[in-house]
Amino acid sequence: MPQKIVQARMWAQGLTIGVLIAAGALTHAQRQKAIEEGPIHHRAADHSWRDIVEYEQNAENAPKTVPRYY
């Protein structure tokens, strides 16, 4: 029985090493792909919130009118 436990532990360690090597290979491949594609172009910052704030401030300062229903 102790021999089976040792064998199971050795298999588990082997699988762990295999997974680590595979993860390292995938990471390396992704980095190589990113290098080959060139620099990353970031999108411009979204400042649409400024338009919303300005609109709401104008709406607060606008004279209030009561709608007329005919």
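If you read the sequence shown in full-length UniProt numbering, its first letter stands for residue 1, the second for the next number, and so on. Cβ coordinates follow ideal geometry from the N, Cα and C atoms, glycine included. Being a predicted model, the structure only gives us computed values, none of them experimental.
Margin query: Under DSSP, the alpha helix (DSSP H) around Ile5 begins and ends at which residues?
Written below: Pro2 to Glu37
Check: Where Leu26 and Val19 are concerned, what is the direct C-alpha to C-alpha distance, given to the nearest angstrom?
Finding: 11 Å
Next item on the list: Give the DSSP-derived three-state secondary structure of Tyr55 in the structure shown.
Entry: helix
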